[in-house]
Amino acid sequence: DGWFLADDSGIEIDALEGRPGVISARYAGPDCNDDANNEKVIKEMKGVPETDRSCRFRCVLALVGREIEKTFSGACEGTLLSQRRGKGGFGYDPLFLPDESTCTFAEITLDEKSEISHRARALHKLIQWLRTDGMNG
Numbered sequence: 049d050g051w052f053l054a055d056d057s058g059i060e061i062d063a064l065e066g067r068p069g070v071i072s073a074r075y076a077g078p079d080c081n082d083d084a085n086n087e088k089v090i091k092e093m094k095g096v097p098e099t100d101r102s103c104r105f106r107c108v109l110a111l112v113g114r115e116i117e118k119t120f121s122g123a124c125e126g127t128l129l130s131q132r133r134g135k136g137g138f139g140y141d142p143l144f145l146p147d148e149s150t151c152t153f154a155e156i157t158l159d160e161k162s163e164i165s166h167r168a169r170a171l172h173k174l175i176q177w178l179r180t181d182g183m184n185g
């Protein structure tokens, strides 16, 4: 008895037909690191104009229980930069410039990121559901 919560997240780059998507953490190979993933994306996006660099971080939360299977999706739209900016964060944060900011995810504070991130948006939907339908069902 109980509920289980899982999450998966990734970056979807429109010019790469949505890649890396769900394999974001392993995009440069099974034993790769953030630097290798970033380098692979930078290389694949070389020559792509700024106007064609739309992307988004997406998070899907899955809540499963005895009588419930529910998913909650959150996205943060932005632009993929051609070079890294900032030292914070992880993954593709130094390359991701959210539409709501002039700073990359690697340049903003954790509090700022928590306001606009894909995970925060998915979690907000989960919390709203729990407050309205989830706890009554």
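Note that our numbering gives residue 62 to position 14 of the sequence shown, counting from 1, and the numbers run on in steps of one. Beta carbons: idealized from backbone N, C-alpha and C, even for Gly.
query = What is the DSSP secondary structure of Ala154, counted as helix, strand or coil?
reply = Ala154: coil per DSSP, three-state reduction.
query = Does the distance from the C-beta atom of Leu128 to that of Arg106 stay below 8 angstroms?
reply = In this structure, Arg106 does not lie closer than 8 angstroms to Leu128 by Cβ.
Alpha-carbon spacing of Lys118 relative to His166, whole angstroms = Rounded to the nearest whole angstrom, the CA to CA distance from Lys118 to His166 is 17 angstroms.
inquiry  = Just list the residues that DSSP pairs Cys124 with in beta bridges.
reply    = Phe105.
ask   = Closest to Met45 by CA distance: which of Phe153, Ile61, Ile164 and Asp83 is it?
value = Nothing about residue 45 can be read from this structure; the chain reaches only from 49 to 185.
message = Between which residues of its own chain and Val96 is the CB-CB distance below 7 angstroms, once the five residues before and five after are set aside?
response = Excluding five sequence positions before and after Val96, the CB atoms of its chain that fall closer than 7 angstroms to its own CB belong to Ala63, given in chain order.
message = So, at 6 angstroms on beta carbons, what are the nonlocal neighbours of Ala110 in its own chain, with the 5 sequence-adjacent residues on each side left out?
response = Here the set comprises Ala54 and Thr119.
inquiry  = Which residue wins for smallest C-alpha separation from Ala168, given the options Ala76, Ser121, Asp141 and Leu143?
reply    = Checked all of Ala76, Ser121, Asp141 and Leu143; the closest Cα to Ala168 is Ser121.
query = Between the beta-carbon of Glu125 and the beta-carbon of Asp147, is there less than 8 angstroms?
reply = Note that the C-beta distance between Glu125 and Asp147 is below 8 angstroms.
ask   = When DSSP labels each residue in this structure, what does Pro14 get in the three-state scheme?
value = Only positions 49 to 185 of the chain appear in this structure, which leaves residue 14 out of reach.
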